[in-house]
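This report concerns only the one structure given below.
Chains as they are written, first to last, in this note's numbering: chain A, 1302 to 1459; chain B, 63 to 677.
Pasting the structure below:
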């Protein structure tokens, strides 16, 4: 729908108060890490994929961008970031942002304190889902099965 | 789902029914509130504009995305325009209610509404003197003319202290006519008209004054003329007032034009006889929300509950008819009543509901229609399914009906004893606590804790609306509640035999609070903004409450809100309302969801006002 609830929830989760009403007056202001874009008449939320072989980690010269070997989560260490923007240039999804006030790269950290990321929890239409790769492909398989079953029924009737 | 639905309310009767609803799968406002989570952040901040079809537009509160709408409106403009529209809707609701009452009054004096009569001749005479007219017909016409006036003044604004009137004139916010100000709100907020947030908000204050000292006050005064000025009386409040062996008719909504007639029709011996034939032992009329307050204070009719209890009442399975008119009636009642034998009857041509039977109500045939409605309820009694009936046992006694006239009467005909008690410090100040329920706050938690904290600190509380009903349920409207008050206030209450919390009526009756404030200020020779007084709406939710907040602050009373208004998207607007307004109208808003902290804010304000007055 393009309601941008995910963007709002993301910024609030990354504020120091974690409360919308006080977050709006924080300095420096909190920044979102998820972006809703419009393309071909569709609204598409874009967020870090936490790629297996993450290009942003590969190009980072200072070691600020790291990938947790266990969880695969790609995160940026604020202290090490010098704001060279190599990561932003190589990210295929364009989801590495720039905090203009503190001049550091900003990206999805998978909401460390939350079981379900804030953007997913905030999505009113269920467009954003948070599942493992295994759960996701299972979901896709089930959807495909339903589709095939409908088609088969249609053929039988004809 | 909440872990324990009992945590949704502090009222035991409501907890009981919430339990029943959960067990039987009945949906309530609390469930729907949870399904709405998370609520839209742009909406919460007031940053969404739908006023033209280039939009909808939203402003990014964190400054990364859009900072202007398509037309170029900034957050300040959008937030102020949205606020103005809320004020317009609230003022319209109170004032259109007043119009109905004024219309009925005019029909009565022209002899065209035989169901109604003049119950308070002396008040009518006082109003005639105030308007400088000789006949009832001229009074009716003069009051009716207030709505369409173009250049003011609205007569009742003359009740405000001279200093206040002077200030309104200086600021250019003296209302010129009730309808005119509301229409101008809609014009100014149309695309490409008023885009200056200060100018927008000043007009909002003017519109709200046309409500408080216009529409609402007209409703209160004429309701007193038509139905009697309330006198202190006793009754009971909470779901336990529903009777297992009587026909239960709930009147819900706002205009006593309807509820008064239902009360009269239910007392008709013919109806009572019919009820007995159907196997009931009588007819029990109970109120709900503000129309409940109206019949509570004038006829001691018990009240089943406040705003968030409307669904719980139907869920008892013991309501034979839920009869509604306008405002704060949840459309959810239609589907819910469908789960029971309950007849959901709408009566106003302005307010129809899915699943309701419509029995339209006209002034000319009011009593006749009321009888037809009561008859439907009575005939429906036999359809009640005993296995579905669950009536909570809780009901609390209360003393209600403190109109300004009766307060003065109780004080011996003059305000002096009250002023004396304020001057001596026995009464530290006055707290006006009003407003709705809102599932964002644990039901009644904000109301009760705030009021208890105030009286404990010797602040005399005056209350209306859903706060008044919350206080009634908690036993705060009884003279014995003086025991919960601080020493000074306790002494005053015991001497006068009054509760520490005075029930002044429904939400339009906040106009009584304005009249009382003006009278106290005049007696002390100061402005309202100098009084040791503060207001609060701990659980507010409606647009009417926005208008009320605006007229109370523009009348000079510091006001604490318990839920956050949709203005924080603009630091400029929020700043104007919470601090800048003080330099303009001598009062401002504060937002404090914690009722204990809210009470402290009010008490601190009262203390600083006392200091300024040299008390």
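From the three backbone atoms N, C-alpha and C, an ideal C-beta is built for every residue, glycine too.
Inset, instruction - Reducing DSSP to helix, strand and coil, say where residue 355/B ends up. - result: If DSSP states are grouped into helix, strand and coil, residue 355/B belongs with the helices.
Legend entry - Extent of the continuous beta strand (DSSP E) to which residue 524/B belongs: 521-525
Legend entry - Between the CA atoms of residue 204/B and residue 193/B - distance to the nearest angstrom: A direct Cα-to-Cα measurement between residue 193/B and residue 204/B gives close to 8 Å.
Inset, instruction - For chain B, find out if any of its Cβ atoms is closer than 7 Å to the Cβ of residue 1441/A; answer yes or no. - result: Chain B contact via Cβ: absent.
Inset, instruction - Please say whether residue 259/B and residue 628/B have beta carbons closer to each other than 7 Å? - result: no
Legend entry - Length at least 4, wholly inside the stretch 565-605 of chain B: the alpha helix (DSSP H) runs in chain order: 572-586
Inset, instruction - Kindly indicate which residue of 240/B, 143/B and 581/B has the alpha-carbon position closest to the one of residue 156/B. - result: The alpha carbon of residue 156/B has as its nearest neighbour, out of 240/B, 143/B and 581/B, the alpha carbon of 240/B.
Inset, instruction - Counting only runs of 4+ residues fully inside the stretch 493-555 of chain B, write out the alpha helix (DSSP H) ranges in chain order. - result: For the alpha helix (DSSP H) assignment, the uninterrupted runs of no fewer than 4 residues enclosed by the stretch 493-555 of chain B are, from N- to C-terminal side, 507-518 and 527-535.
Inset, instruction - Note down, one range per segment and in chain order, each beta strand (DSSP E) of at least 3 residues found wholly within the stretch 617-655 of chain B. - result: 621-623 and 651-653
Legend entry - Nearest-angstrom beta carbon gap, residue 630/B and residue 1322/A [assumed within contact, 8 Å]: So it is a contact: roughly 5 Å between Cβ atoms.
Legend entry - Unbroken alpha helix (DSSP H) run spanning residue 74/B, endpoints: Counting along the chain, residue 74/B sits inside the alpha helix (DSSP H) bounded by residues 74-86.
Legend entry - Exposed unless 16 or more other CB atoms sit within 10 angstroms - verdict on residue 1456/A: exposed
Inset, instruction - With 7 Å as the threshold, decide whether the Cβ of residue 63/B is near any Cβ in chain A. - result: Residue placement at residue 63/B cannot be trusted, given a pLDDT of 45 that sits under 50; what the coordinates show is reported in the next sentence. With its beta carbon at least 7 Å from every one in chain A, residue 63/B lies outside the interface.
Inset, instruction - Identify the contact partners of residue 1317/A in chain B, using a Cβ-Cβ distance below 8 Å as the criterion. - result: Going along chain B, no residue has its Cβ under 8 Å from residue 1317/A, so there is no contact; the nearest lies around 13 Å.
Inset, instruction - Work out the CA separation of residue 548/B and residue 559/B for me, nearest whole Å. - result: 16 Å
Inset, instruction - Would you give the residue range spanned by the alpha helix (DSSP H) that residue 1336/A belongs to? - result: Here residue 1336/A belongs to no alpha helix (DSSP H); instead the beta strand (DSSP E) covers 1336-1340.
Inset, instruction - Say whether chain B places a C-beta atom closer than 7 Å to the C-beta of residue 1325/A. - result: yes
Legend entry - Identity of the residues DSSP links to residue 1346/A by a beta bridge: Bridge partners of residue 1346/A according to DSSP: 1337/A.
Legend entry - Cut-off 6 Å between Cβ atoms - residues of its own chain near residue 494/B, not counting five sequence neighbours on either side: By the criterion of a C-beta distance shorter than 6 Å, residue 494/B is surrounded in its chain by 524, 575 and 597, once the five residues flanking it on both sides are discounted.
Inset, instruction - Identify the continuous beta strand (DSSP E) that holds residue 367/B and give its terminal residues. - result: 365-367
Inset, instruction - Find the residues of chain A that neighbour residue 94/B, judging by a C-beta separation of less than 9 Å, and give them in chain order. - result: Simply none; closest approach about 14 Å.
Legend entry - Reference residue 146/B; option with closest CA among 644/B, 613/B and 662/B: 613/B
Inset, instruction - Using a Cβ-Cβ cut-off of less than 8 Å, list which residues of the stretch 77-106 of chain B approach chain A; keep chain order. - result: Answer set for the stretch 77-106 of chain B: 100, 102, 103, 104 and 106.
Inset, instruction - Have a look at residue 421/B and residue 441/B and give me their C-alpha separation to the nearest angstrom. - result: 16 Å
Inset, instruction - Give a yes or no on contact between the stretch 409-418 of chain B and the stretch 466-474 of chain B, applying the rule of three or more CB pairs nearer than 8 Å. - result: no
Legend entry - Environment of residue 1438/A [buried if 16+ CB atoms lie within 10 Å]: exposed
Inset, instruction - Could you name the residues of the same chain whose beta carbon sits closer than 7 Å to that of residue 590/B, not counting the 5 residues immediately before and after it, in chain order? - result: Residues 223, 226, 579, 580, 583, 617, 618 and 619 of the same chain have their beta carbon placed closer than 7 Å to that of residue 590/B, with the five preceding and five following residues left out of the count.
Inset, instruction - From the DSSP output, in three-state form, read off residue 386/B for me. - result: strand
Legend entry - Proximal residues of chain A, C-beta to C-beta of residue 631/B below 8 Å: 1325
Legend entry - Proximity below 7 Å, CB of residue 508/B to CB of residue 600/B: yes
Inset, instruction - Output, in chain order, the set of chain B residues within a Cβ distance shorter than 7 Å of residue 1331/A. - result: 124
Legend entry - As assigned by DSSP and simplified to three states, the class of residue 314/B: Annotated three-state conformation of residue 314/B is strand, per DSSP.
Inset, instruction - With 7 Å as the threshold, decide whether the Cβ of residue 1302/A is near any Cβ in chain B. - result: no
Legend entry - Contacting residues, own chain, Cβ-Cβ under 7 Å from residue 1379/A (five flanking each side not counted): The answer, listed in chain order, is 1405.
Inset, instruction - Could you say which of 164/B, 336/B, 648/B and 141/B lies nearest to residue 425/B if we only look at CA atoms? - result: Answer by Cα proximity: 164/B.
Inset, instruction - Give a yes or no on whether 7 Å exceeds the smallest Cβ distance from residue 626/B to chain A. - result: yes
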